[in-house]
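Using my numbering, you'd call the opening residue of the sequence shown number 51 and step up by one each time. Just so it is clear, CB atoms sit at the ideal spot from N, CA and C, and this is done for glycine as well. Structure record follows, encoded as structure tokens.
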Amino acid sequence: MLTLHFAPNSRASRIYWLLRELDLPFELNRMDFNPKDLKSDEHRARHPLGRVPVLDDDDVRIFESGAIVEYVLAKYGNGRLKPDVDSPEFPNYLQWFHYCEGMVMPPINTIVVQTILLPPDRRDETALGQAQRLLGKALGPVNDALEGREYLAGEFSAADVMLGHSCIMSGRLGAVTDDMPHLKAYIERLQARPACQEAFAA
Ligand SMILES: N[C@@H](CCC(=O)N[C@@H](CS)C(=O)NCC(=O)O)C(=O)O
């Protein structure tokens, strides 16, 4: 049995979304996004830093959203949501899958820290401005890659779950601007998917 350790407004939505796209049954351990739940001894026993997502698969436990996505696809995907290794879309898939945590999430993390998590007297306007500029730069190539395409690697794939989630978060942070029309349309396309809607509402 799969159990997803989850908090709303977090990367755990990626795993919820993926499991719903694959129509896999799972139990949800829904915690609040606060230290009381995430830094509890119980949750630190699951993740040493007290973070989400964490997935249990019977006696297997795994954290890191990208690793969880790969684990689920390898074990239960049956070839779904991932281009074949011989497909010309396979390198696109890998590239955008990893661009998410590698390039887009670092400035998002800083923006969230500098606008939401830190108390106002400890916020740093310079760090915030730098992260906002960096996020805009990181989203530009995603907008360009989506010109004339519905998804990042041919058919809808797990790269769209990973990076698509970050694009939706970027939109909520006001970083998806009018000069990114392909990215805007892509976000709308993703948000029309029932599995995406369920994940963000959970
Ligand atoms: N690279 C990790 C990041 C995990 C992570 O930082 N999760 C955030 C939510 S998006 C978290 O649990 N934050 C709680 C905290 O920092 O206390 C992944 O992709 O799973």
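Below 8 angstroms on the Cβ atoms is my contact criterion, and I expect valine 122 with leucine 68 to pass it. Report the Cβ-Cβ distance as a whole number of Å.
For the purposes of this step, residue 122 is identified with residue 72 of the sequence shown, where counting begins at 1. For the purposes of this step, residue 68 is identified with residue 18 of the sequence shown, where counting begins at 1. Contact between valine 122 and leucine 68 holds: CB atoms are separated by about 6 angstroms, below the 8 angstroms threshold.
Could you tell me the distance, in whole angstroms, from the CA atom of cysteine 217 to the CA atom of isoleucine 237?
What you label residue 217 is simply residue 167 of the sequence shown in a count that begins at 1. What you label residue 237 is simply residue 187 of the sequence shown in a count that begins at 1. In a straight line, the C-alpha of cysteine 217 is about 7 angstroms away from that of isoleucine 237.
Relative to the C-alpha of aspartate 198, which residue among His232, Pro138, Arg243 and Arg111 is closest?
Position 148 of the sequence shown, counted from the start, is the residue given in the question as residue 198. What sits at residue 198 in the sequence shown is glycine, not aspartate. Here the closest residue by C-alpha is His232.
How would you label methionine 155, buried or exposed, when you count the other beta carbons within 10 angstroms and need 16 or more for buried?
Walking along the sequence shown from the start, residue 155 turns up at place 105. With 16 or more Cβ atoms within 10 Å of its Cβ, methionine 155 is classed as buried.
Between the alpha carbons of cysteine 246 and methionine 219, how many angstroms are there, rounded?
As a position in the sequence shown, residue 246 is number 196, starting the count at 1. As a position in the sequence shown, residue 219 is number 169, starting the count at 1. So the alpha carbons of these two residues sit roughly 13 angstroms apart.
Can you give me the Cβ contacts of isoleucine 161 inside the same chain, cut-off strictly under 7 angstroms, excluding the 5 residues immediately before and after it?
Position 111 of the sequence shown, counting from 1, holds the residue named residue 161. The answer, listed in chain order, is Leu178, Ala181, Gln182, Leu185 and Leu223.
Any contact of the segment 130-147 with the segment 203-210, i.e. 3+ C-beta pairs under 8 angstroms?
yes
Suppose you measure from the CA of glycine 129 to the CA of arginine 64; what does that come to, to the nearest Å?
As a first step, residue 129 is located in the sequence shown; it is residue number 79 there, counting from the start. As a first step, residue 64 is located in the sequence shown; it is residue number 14 there, counting from the start. Between glycine 129 and arginine 64, the C-alpha separation is close to 19 angstroms.
Suppose you measure from the CA of glutamine 145 to the CA of glycine 127; what does that come to, to the nearest Å?
By one-based count along the sequence shown, residue 145 stands at place 95. By one-based count along the sequence shown, residue 127 stands at place 77. Taking the straight line joining both Cα atoms gives about 20 angstroms.
Could you check if arginine 61 is buried or exposed, using at least 16 other CB atoms within 10 Å of its CB as the buried criterion?
By one-based count along the sequence shown, residue 61 stands at place 11. So arginine 61 ends up on the buried side.
Terminal residues of the continuous beta strand (DSSP E) containing glutamate 77?
As a first step, residue 77 is located in the sequence shown; it is residue number 27 there, counting from the start. Counting along the chain, the beta strand (DSSP E) containing glutamate 77 begins and ends at 77-80.
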